[in-house]
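In what follows, a structure is listed as structure tokens, so that the remarks can point back to it.
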Amino acid sequence: KAGVTQTPRYLIKTRGQQVTLSCSPISGHRSVSWYQQTPGQGLQFLFEYFSETQRNKGNFPGRFSGRQFSNSRSEMNVSTLELGDSALYLCASSPRSDSMGYTFGSGTRLTVV
Amino acid sequence: QKEVEQNSGPLSVPEGAIASLNCTYSDRGSQSFFWYRQYSGKSPELIMSIYSNGDKEDGRFTAQLNKASQYVSLLIRDSQPSDSATYLCAVNSYSGAGSYQLTFGKGTKLSVIP
């Protein structure tokens, strides 16, 4: 069974640009969550999607947005990139979000220069 | 603000010893608790889940949960150098509108010395 697939694996962007990251969950998983991981802050929750609806959002500025498609694939977008947005962005999927652990993708390493 | 606290370590144990990792959480209503292992440069991998008070064993791993004390722990018996990684405690809490949010601690770095 294929795992959670994130593309691209690595990205280098310039301040002020925007970026779109993609996540394909495990087949049958309807809940997709996004996390930002940095050495100082650890894993921080960005948002959760279920059946194309954003059900929950973390404490991040509006520059961070996302969406989920009917096939459960998800994208997240960061506009007007800042140096502090450099991080590992992780997508995780679960059949549902209530009590089951999430399976993480390999992540997208974003570097903003 | 839901918080999950872990000792950042590093925790060093000799090969073959028991490694004990601890975690406390703030949301008394939390129902699901997880331990993830993250190797350097890799993504987190789920190794244990626990939902009710007491112990849950899986191979060399034992998770312990005490909801009254809001405390979760992970014991690794017969520690191996391959267990050297960062261990993340995660707590699932209801966030409203049918959504649950997994909140992570910052992780404890474990080094198993051969």
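Protein chains in written order, with my numbering: chain A, 286 to 398; chain B, 14 to 127.
Glycine is no exception: its CB is placed at the ideal position from the N, C-alpha and C atoms.
These numbers were taken from a predicted model, which means no experiment stands behind them.
Open item on the list: Please state the DSSP three-state secondary structure of P94/B.
Closed with: Position 81 of the second sequence, counted from the start, is the residue given in the question as residue 94/B. Looking at P94/B - three-state DSSP - the assignment turns out to be helix.
* Asked: Do the stretch 77-91 of chain B and the stretch 318-331 of chain A make contact, defined as three or more Cβ pairs closer than 8 Å?
  -> With a cut-off of 8 Å, the stretch 318-331 of chain A and the stretch 77-91 of chain B do not count as touching, because too few Cβ pairs lie within range.
_Alpha-carbon to alpha-carbon, G343/A and Y295/A_ = As a working mapping, residue 295/A is identified with position 10 in the first sequence. As a working mapping, residue 343/A is identified with position 58 in the first sequence. Each residue's alpha carbon lies about 24 Å from the other.
D370/A in three-state terms, based on DSSP: If you number the first sequence from 1, residue 370/A lands on position 85. In the displayed model, D370/A falls within a helix according to three-state DSSP.
Query - Nearest residue (CA-CA) to E18/B, options N105/B, A81/B, Q51/B and L101/B - result: Here residue 18/B corresponds to residue number 5 of the second sequence, with the count starting at 1. Comparing Cα-Cα distances from E18/B to each of N105/B, A81/B, Q51/B and L101/B, the minimum goes to L101/B.
By how many angstroms is the C-alpha of G327/A removed from the C-alpha of I31/B? The residue you call residue 31/B lines up with position 18 of the second sequence. The residue you call residue 327/A lines up with position 42 of the first sequence. About 26 Å.
Going by alpha carbons, who is nearest to W48/B out of D71/B, V26/B and P27/B? As a working note, residue 48/B is residue 35 in the second sequence. Residue D71/B holds the alpha-carbon nearest to the alpha-carbon of W48/B among D71/B, V26/B and P27/B.
Whose Cβ in chain B lies nearer than 9 Å to the Cβ of S318/A?
The residue you call residue 318/A lines up with position 33 of the first sequence. Identification of chain B residues near S318/A by a Cβ-Cβ cut-off of 9 Å yields Q114 and L115, ordered along the chain.
Next on the checklist: By alpha-carbon positions, which one of K55/B, S25/B, S43/B and Y52/B ends up nearest to N66/B?
Outcome noted: For the purposes of this step, residue 66/B is identified with residue 53 of the second sequence, where counting begins at 1. Checked all of K55/B, S25/B, S43/B and Y52/B; the closest Cα to N66/B is S43/B.
Notebook entry, point to check: Pick from G392/A, S357/A, L375/A and D370/A: whose alpha carbon is nearest that of Q303/A?
Noted result: Indexing the first sequence from 1 puts residue 303/A at position 18. Relative to Q303/A, the option among G392/A, S357/A, L375/A and D370/A whose CA is nearest is D370/A.
- Message: Beta-carbon within less than 7 Å of P94/B's beta-carbon, same chain only, minus the 5 sequence neighbours each way: which residues are those?
- Response: Translated into the one-based positions of the second sequence, residue 94/B becomes position 81. These residues qualify, in order along the chain: E28, V125 and P127.
**Neighbour list for L59/B in chain A, Cβ cutoff strictly below 9 Å** = Residue 59/B sits at position 46 when you count from the first residue of the second sequence. Neighbours of L59/B on chain A, chain order: G386, Y387, T388 and F389.
- Which first and last residues belong to the beta strand (DSSP E) in which K15/B is found? For the purposes of this step, residue 15/B is taken as residue 2 along the second sequence, with counting starting at 1. Note, K15/B: premise wrong, no beta strand (DSSP E); not H, not E.
Q | Residue-chain proximity (E337/A, chain B), Cβ-Cβ < 7 Å | A | To locate residue 337/A, count along the first sequence from 1; it is residue 52. So, not an interface residue.
Listed by chain order, chain A residues near A98/B by CB distance under 7 Å:
Sequence index remark: in the second sequence, residue 98/B carries index 85 (1-based). Counting only Cβ-Cβ distances below 7 Å, A98/B has no contacts in chain A at all, with the closest Cβ about 14 Å away.
message = I need the DSSP call for E28/B, collapsed to helix, strand or coil.
response = As a first step, residue 28/B is located in the second sequence; it is residue number 15 there, counting from the start. Under the three-state reduction of DSSP, E28/B is assigned to coil, being neither helix nor strand.
Checklist entry - Applying the criterion that 16 or more other CB atoms from any shown protein chain within 10 Å of the CB defines a buried residue, is V397/A buried or exposed? => result Residue 397/A sits at position 112 when you count from the first residue of the first sequence. Classification for V397/A: buried.
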